[in-house]
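A quick write-up on the structure given underneath.
Chains as they are written, first to last, in the numbering used here: chain A, 43 to 414; chain B, -13 to 249.
Pasting the structure below:
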């Protein structure tokens, strides 16, 4: 098969005649229609050029479209075609033009429209979330009346996946942050000769703030994203519908175990995370300020009153429930395509972390007089 | 040197996963312009062979040539060009779920970087018309399509770069008999219009009888026969015999149809 080529002949009356030869098709690996179009541009521009396609070995849709556009989307007696190729051009003539689908966009109205849609979408999310919380409460009442239906296995599995398996990573992260904070604070405190206050700072920060917040962020990233993606894929593959047809409530089997499992695990995890943060801070205090570990631990209960621990447990519980609910909420909204899956998983993690930090700020203000 | 007139040439292919041998010294030739069906029991390695042919996986041993070249030996650019010479229709369609029908078909055309948007639009509309879909379907997302439409859009995408060879994995799986018959008719007419070579895998006997010129029977880890459907009767292998029983009934039926309108 020869490549697509053309030659130009001068006609007796001064007009030009472009003769195409070879295979005008994408099958010819050497053919580049962008180049051919550029070479032919001068002839396309001249309305008196004659075109002879009778020597073309092969003409595919790509070549035909290139020529058709060059000819200004019409065909007359100047174009000499082989009979088998005319059908292709006739077909092209019937196809709808690009501008028939042009969508109105870019105007101020369109921008307002988008903002309005976003506003409505927010309420849509709110309603969906309330629905989720409502159906969860109903299921809770139901299993209180029918304790045999409590999904113990699933709760245990979620406790293990979201709680136990998160132990190493939460420990490592909070230990490192404890060390970093300890070193920074130690340098500042030494300037004032207030070395002993490192116990207050590390103790209060570790138990009241770092533990619950670090736990929530790590759990949102680890378990929250996993839950969203899992529920989403189960929706896409109709597994959730399969559950429903078996008469099994999806809220009871899928969402409730996640919420309960993580709510049980979260306060414990928060406590664990706090402990490692304090350990990190203790090490820093020993190395930088020479405060011994035994002294640190002796002094700790005097500055951190037990109510702080209660507060930390309560915070951990709240954050755990929030992260799980948000993860399930976004999971239930995933549509069956890859874009929606990635967008929802991202939204789930971002929303969970933002909400947790917002709620934490509210907690800090509301509880400012408790245990300080 | 490869022989002329062959679209695909499989020589001495072995496929092994650990101790499991899937293909044992398998040979197959597909001539240019013919429709070749691959049949075999479940798990006989049909789809694996198909994936070897299009270069998604590589056999443990042996060589596969498409249009006389071995894809694995080409450099990146040459391999890309060679891959544009065939189109593959996956079993589930494998449409890009985040893109509309239009964007799905336009995707390979854009990758070629030879056409402007207006030409791409015209080409996409042309491909949609080829597979008998309406222009308004172009703006739907794959999730909004029915099973038959997904197959058609996937076919349009496979045809976007005007391939010479079309590889179909279970083209009519999951379609109702009416739809699958229409789809078979569509592939037949496209094959005539565009001069395609077709390799396909199917479990559906109606599709097989309706479409194929030759059939390659995969059993005992190799091709035990590659011949026309009526010639299957002469193959002694039990799988081929069983298989032929089903085929011959349908062949008779189609023959009757062919004879009926003559008088």
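Where a beta carbon is used, it is the ideal one built from N, C-alpha and C, also for glycine. Because the structure is a prediction, the values reported are computed rather than measured.
Beta-ladder partner(s) of residue i, from DSSP
i	result
residue 61 (chain A)	A:49 and A:94
residue 121 (chain A)	A:93
residue 55 (chain B)	B:52
Given residue i as reference, the closest of the options once Cα atoms are compared
i	options	result
residue 113 (chain B)	B:131, B:105, B:137 and B:146	B:146
residue 36 (chain B)	B:18, B:106 and B:153	B:153
residue 40 (chain B)	B:66, B:47 and B:233	B:66
residue 55 (chain A)	A:44, A:86 and A:90	A:90
residue 304 (chain A)	A:262, A:93 and A:337	A:262
residue 111 (chain A)	A:214, A:278, A:76 and A:338	A:76
residue 192 (chain A)	A:290, A:88 and A:367	A:290
residue 33 (chain B)	B:186, B:214, B:99 and B:15	B:186
residue 78 (chain A)	A:389, A:198 and A:48	A:48
residue 48 (chain B)	B:100, B:-1, B:18 and B:25	B:-1
residue 53 (chain B)	B:172, B:87, B:150 and B:109	B:150
residue 399 (chain A)	A:325, A:255, A:317 and A:414	A:255
residue 295 (chain A)	A:196, A:137 and A:409	A:196
residue 401 (chain A)	A:161, A:258, A:167 and A:187	A:258
residue 371 (chain A)	A:204, A:69, A:169 and A:318	A:169
residue 28 (chain A)	A:181, A:171, A:297 and A:248	Residue 28 (chain A) is absent from the model: chain A starts at 43 and stops at 414.
residue -5 (chain B)	B:209, B:173, B:25 and B:219	B:209
residue 341 (chain A)	A:358, A:320, A:360 and A:352	A:320
residue 20 (chain B)	B:176, B:239 and B:205	B:176
residue 128 (chain B)	B:80, B:102, B:202 and B:164	B:80
residue 92 (chain B)	A:405, A:236 and A:104	A:104
residue 155 (chain B)	B:130, B:90 and B:74	B:74
Limits of the alpha helix (DSSP H) - the one that residue i falls within
i	result
residue 35 (chain B)	32 to 39
residue 362 (chain A)	348 to 373
residue 205 (chain B)	Residue 205 (chain B) -> not in any alpha helix (DSSP H); beta strand (DSSP E) instead, spanning 200 to 205.
residue 152 (chain B)	Per DSSP, residue 152 (chain B) belongs to no alpha helix (DSSP H); it is in the beta strand (DSSP E), 151 to 155.
residue 183 (chain B)	Looking at the DSSP string, residue 183 (chain B) is not in any alpha helix (DSSP H); the run it does join, the beta strand (DSSP E), is 183 to 187.
residue 72 (chain B)	Taken as a continuous stretch (DSSP letters only), residue 72 (chain B) belongs to no alpha helix (DSSP H), being part of the beta strand (DSSP E) at 72 to 75.
residue 393 (chain A)	380 to 408
residue 107 (chain B)	103 to 116
residue 94 (chain B)	87 to 98
residue 175 (chain B)	163 to 180
residue 63 (chain B)	62 to 69
residue 79 (chain A)	75 to 87
residue 195 (chain B)	191 to 197
residue 133 (chain B)	133 to 145
Which of helix, strand or coil DSSP assigns to residue i
i	result
residue 113 (chain A)	coil
residue 9 (chain B)	strand
residue 248 (chain B)	Reliability fails at residue 248 (chain B), whose pLDDT of 41 lies under 50, so the model's placement of it is uncertain and the value that follows must be treated cautiously. Correct three-state label for residue 248 (chain B): helix.
residue -4 (chain B)	strand
residue 239 (chain A)	helix
residue -13 (chain B)	At residue -13 (chain B) the pLDDT is 41, less than 50, meaning the model places this residue with poor confidence and gives no usable figure here.
residue 14 (chain B)	strand
residue 252 (chain A)	helix
residue 414 (chain A)	coil
residue 1 (chain B)	strand
residue 121 (chain B)	helix
residue 100 (chain A)	strand
residue 236 (chain B)	helix
residue 55 (chain A)	coil
Residue i - containing beta strand (DSSP E), residue span
i	result
residue 48 (chain B)	47 to 52
residue 345 (chain A)	Here residue 345 (chain A) belongs to no beta strand (DSSP E); instead the alpha helix (DSSP H) covers 335 to 345.
residue 210 (chain B)	208 to 213
residue 26 (chain B)	21 to 26
beta-carbon residue i near the ligand MN non-hydrogen atom, thresh 8 Å
i	result
residue 134 (chain A)	Absence of the ligand MN is noted for the structure shown, with no ligands found whatsoever.
- Task: Scan the segment 127 to 210 of chain A and note each continuous beta strand (DSSP E) run of 3 residues or more that stays entirely inside, going in chain order.
- Result: none
- Message: Threshold first: 4 residues or longer. Then list the alpha helix (DSSP H) segments lying entirely within the segment 273 to 329 of chain A, N to C.
- Response: 281 to 287
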